Amino acid sequence: MNILRNVFLRREAGIAVMIVLFCLCVGAVKPRFLTLDELRIILLLTPLILIGAMGQMLVIVARNVDLSIGSMQGFAAMVTAMMFKFHPEIPWFLGFIVAIGVGVALGFVNGALITLFRLPAIIVTLGTLNLYRGLTFIISDAKQIDRQYVPSALKSMSNTSPIFDIPWIIFMALGVTLLTYAFANHSRVGRQVFALGSNPTAAPLRGIRVTAVTLMVFMISGALAGLSGIMYASRWGFVNPSNTGFGFEFQVIAAVVIGGVSINGGVGSVLGVFLGVMLLGCVSAALPLLGIAGASQSAIYGAVIVIALLIDRSVRLRGVASLAALRARA
Amino acid sequence: MTDHTAPHRVSALDAAAARPRWQVILIRPETMTFVLLVAAVIVSSLLSPYFLDINYILASFTLYAEFSLVALVLTIVIISGEIDLSPASNMALSACLFAWTYRAGLPMPLAILVGIGSGMLMGVINGLLVIGLELPSIIVTIGTLTLYRGLAQIIAGDQSIRLPQYFIGINTYLIAGVPVPVLLFIVVSIVLGFVLGATIWGRQIYQVGTSEIAARHAGIRAKRIKFTLFIVVGFASSIAGLITASRLGSVRYDLGLGGELQMVLMAMLGGTYIFGGRGSILGTFLAAWLLSVISTGMTTANLLPATQLCVLGVLLIVSIVATNLIYSRTQR
Numbered sequence: 002m003n004i005l006r007n008v009f010l011r012r013e014a015g016i017a018v019m020i021v022l023f024c025l026c027v028g029a030v031k032p033r034f035l036t037l038d039e040l041r042i043i044l045l046l047t048p049l050i051l052i053g054a055m056g057q058m059l060v061i062v063a064r065n066v067d068l069s070i071g072s073m074q075g076f077a078a079m080v081t082a083m084m085f086k087f088h089p090e091i092p093w094f095l096g097f098i099v100a101i102g103v104g105v106a107l108g109f110v111n112g113a114l115i116t117l118f119r120l121p122a123i124i125v126t127l128g129t130l131n132l133y134r135g136l137t138f139i140i141s142d143a144k145q146i147d148r149q150y151v152p153s154a155l156k157s158m159s160n161t162s163p164i165f166d167i168p169w170i171i172f173m174a175l176g177v178t179l180l181t182y183a184f185a186n187h188s189r190v191g192r193q194v195f196a197l198g199s200n201p202t203a204a205p206l207r208g209i210r211v212t213a214v215t216l217m218v219f220m221i222s223g224a225l226a227g228l229s230g231i232m233y234a235s236r237w238g239f240v241n242p243s244n245t246g247f248g249f250e251f252q253v254i255a256a257v258v259i260g261g262v263s264i265n266g267g268v269g270s271v272l273g274v275f276l277g278v279m280l281l282g283c284v285s286a287a288l289p290l291l292g293i294a295g296a297s298q299s300a301i302y303g304a305v306i307v308i309a310l311l312i313d314r315s316v317r318l319r320g321v322a323s324l325a326a327l328r329a330r331a
Numbered sequence: 016m017t018d019h020t021a022p023h024r025v026s027a028l029d030a031a032a033a034r035p036r037w038q039v040i041l042i043r044p045e046t047m048t049f050v051l052l053v054a055a056v057i058v059s060s061l062l063s064p065y066f067l068d069i070n071y072i073l074a075s076f077t078l079y080a081e082f083s084l085v086a087l088v089l090t091i092v093i094i095s096g097e098i099d100l101s102p103a104s105n106m107a108l109s110a111c112l113f114a115w116t117y118r119a120g121l122p123m124p125l126a127i128l129v130g131i132g133s134g135m136l137m138g139v140i141n142g143l144l145v146i147g148l149e150l151p152s153i154i155v156t157i158g159t160l161t162l163y164r165g166l167a168q169i170i171a172g173d174q175s176i177r178l179p180q181y182f183i184g185i186n187t188y189l190i191a192g193v194p195v196p197v198l199l200f201i202v203v204s205i206v207l208g209f210v211l212g213a214t215i216w217g218r219q220i221y222q223v224g225t226s227e228i229a230a231r232h233a234g235i236r237a238k239r240i241k242f243t244l245f246i247v248v249g250f251a252s253s254i255a256g257l258i259t260a261s262r263l264g265s266v267r268y269d270l271g272l273g274g275e276l277q278m279v280l281m282a283m284l285g286g287t288y289i290f291g292g293r294g295s296i297l298g299t300f301l302a303a304w305l306l307s308v309i310s311t312g313m314t315t316a317n318l319l320p321a322t323q324l325c326v327l328g329v330l331l332i333v334s335i336v337a338t339n340l341i342y343s344r345t346q347r
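Protein chains in written order, with the working numbering: chain A, 2 to 331; chain V, 16 to 347.
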């Protein structure tokens, strides 16, 4: 009984209930929504956001924010696609190493600027958001890399796999999720990220190297953005300097905050973020079925961020109230 | 001989000597902006002789007058210790609502009121979330940035809404040889500079930004001040949206897209301290002209828009690093 009660009191339970309710409601109107085909569509919408959200979760838990992931995704995807175009002799799976490497380098620039000069992450990444986007245009000469240059082996990763025909990129996203879970909950450095976010003043007194941890968090965010970049090339088959990754940061931040990561740092769980991404995926898949134009996507992401902030606030206030009640009893 | 019997008594004479006046002026961030502005004008006049013509500079500034107008108010918001990233989306949504209600048959003055009213309402929403619910303004305005732009997209769709002929072309009207938007920008700068620098209310904003807790203990209504500022940003954004609509002749949902970068950049280039409590309208005023000269110069030099985007991004980071360095030197 007690275990059951604890499960329902968790933050993640609320998101899961929201997903179930949402799916049932949409399914009641359009029964087609509750089929396996639709599940496949939902799952195919989410891998990129899921991978980006894992990095962003660590950044936000460490009390920072990374606005540049969309541009990092675009830049890494463009570098990789150009490698495919101009050096077709290079084996295609090396593209993953290139994309992740590019992402790490870009994330390092973000982290170095933030830690070296003690600048707020929001302004620095707003600057690099535009800088990386501009660089993407410059290296690509503002030209799209078309379908025929992306290796078909890479493209087929988004279509199929030997296991139940579920595309590889879904497994990759789940793998990244599990790795992040292991890192965040069962590694020393991962716990340090949470400690840093819950109290940046106390963290260095506990022997946590704040600069190194912050730098690392931004490099992870960059690496995952790079990975999502090559997966973009796999999923859509082309890389466009203006579209690839544009607005990605808002989707990811929406998923992270609705997944229960506190914007005040220190609080967040991989499971919550995973469910948050799934909820966004369900909403995106339901919109065309319900006949709502794609134009409203952006408004929904914005509304989701604001609503999630409101939920986060009420949860925090409840926590403060229960703490006060405990103290009164003691 | 100094008096050894009372070592703890400190008189005003024991304080370090005041810096010479030339040093005080030299190490202000506004000086940096001014020097950069002069340098930018010289460099661009080497690129193209047009830059020595004041009319050309005024005409090219009309393109940036809307963002500059909002940047002035944004400067005050940053001084008060908050930030607002949503004004560019606010411009789009209020302009879209204005054009949409006009097309639906509302008379022009009422439509303009709808535009301005919706802009202020968006400011109220930001203010309620940030001040009323005590949420961090950074994330809130990222959310409303997406939300307002998305709503504009829903209202306007993909097409552009045309405006009547008499509404179009505010940037071509000249008063004493100065285009109306530029004149408006200059007047607003003077007014806000006066309010911020010479009124009790303005000085209280600096106190709130330096230390909100201390300001509240001193009896300053910090929340009311910040809330008012958010509404003023909304108001300024809607005006800027209307001016942009008049300049372009039609309204699309992507009006002012990416403007938040330019606005924050103007405030930062002008030496506004990102952590609040420092900065001036003069700085943002100079920075707006600097940015206009740089952008026009880059266009004259045939730089790709992408390269310009890079330059703006780098400029943002460089300016905030420089401002932080200047302030950390003068703080000691």
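Here a beta-carbon is modelled for each residue, glycine too, at the ideal position from N, C-alpha and C. As the structure is a prediction and not an experimental result, all values here were calculated from the model.
- For A:E90, no alpha helix (DSSP H) run applies, since DSSP gives it neither H nor E.
- Scanning its chain for C-beta atoms nearer than 8 Å, with the 5 sequence neighbours on each side dropped, one finds around V:S175 the residues S265, V266, R267, in chain order.
- With a 10 Å radius around the Cβ and a threshold of 16 neighbouring Cβ atoms, A:S69 comes out buried.
- For chain A, none of the residues of the stretch 110-127 of chain V brings a beta carbon within less than 8 Å of one of its beta carbons.
- For V:S265, the three-state secondary structure derived from DSSP is strand.
- Apart from sequence neighbours up to five positions away, the residues of its chain that approach A:F219 with a beta-carbon distance below 6 Å are G108, N111, G112, ordered along the chain.
- Here V:T287 really is in contact with V:T90; their C-beta atoms are around 5 Å apart, less than 8 Å.
- Annotation: Cβ neighbours of V:R164 in chain A (cutoff 9 Å, chain order): S299, A300, G303.
- Its Cα nearest to that of V:V202, the residue V:A80 stands out among V:D68, V:R34, V:A80.
- Around the beta-carbon of V:Y181, fewer than 16 other beta-carbon atoms lie within 10 Å, marking it exposed.
- With at least 16 other beta carbons inside 10 angstroms of its own, V:K241 counts as buried.
- By the Cβ criterion, the stretch 81-100 of chain A is in contact with the stretch 131-151 of chain A, since at least three pairs of Cβ atoms, one from each stretch, lie closer than 8 Å.
- The residues W216, G217, in chain order, have a CB closer than 8 Å to that of V:V210 in the same chain once the five nearest residues on each side in sequence are set aside.
- Contact annotation for A:A325 against chain V: no contact, minimum CB-CB distance about 17 Å [criterion: below 7 Å].
- Looking at A:A329, A:I231, A:A304, A:C283, the one whose alpha-carbon comes closest to that of A:I42 is A:C283.
- For A:A143, the chain V residues whose C-beta falls within less than 8 Å of its own C-beta are L319, A321, listed in chain order.
- Your pair V:L67 and A:N131 does not check out as a contact, with CB atoms roughly 30 Å apart and the cut at 8 Å.
- Within chain A, the residues placing a beta-carbon under 8 Å from that of V:P151 are I264, N265, ordered along the chain.
- Its chain contains T48, M281, L284, G285 as the residues whose beta carbon lies nearer than 6 Å to that of V:A302, once the 5 sequence neighbours on both sides are disregarded; these appear in chain order.
- Contact holds between the stretch 284-292 of chain A and the stretch 28-42 of chain A, because three or more Cβ pairs, one in each stretch, are under 8 Å apart.
- Counting along the chain, A:G230 sits inside the alpha helix (DSSP H) bounded by residues 211-237.
- Taking 7 Å as the Cβ-Cβ cut-off, the stretch 131-142 of chain A approaches chain V at N131, L132, R134, G135, L136, F138, I139, given in chain order.
- Looking at the DSSP output, A:R328 shares a beta bridge with no other residue.
- The CB of A:L120 comes closer than 9 Å to the CB of I289, I332, I335, V336, N339 in chain V, given here in chain order.
- Per DSSP, the unbroken alpha helix (DSSP H) holding V:Y71 starts and ends at 69-94.
- Proximity to V:D173 across V:D269, V:F82, V:N105 peaks at V:D269, based on C-alpha coordinates.
- Ranked by Cα distance from V:L297, the options V:P44, V:P35, V:V326, V:G130 are led by V:P44.
- Note that the stretch 161-179 of chain A does not touch the stretch 258-267 of chain A; fewer than 3 beta-carbon pairs, one per stretch, sit closer than 8 Å.
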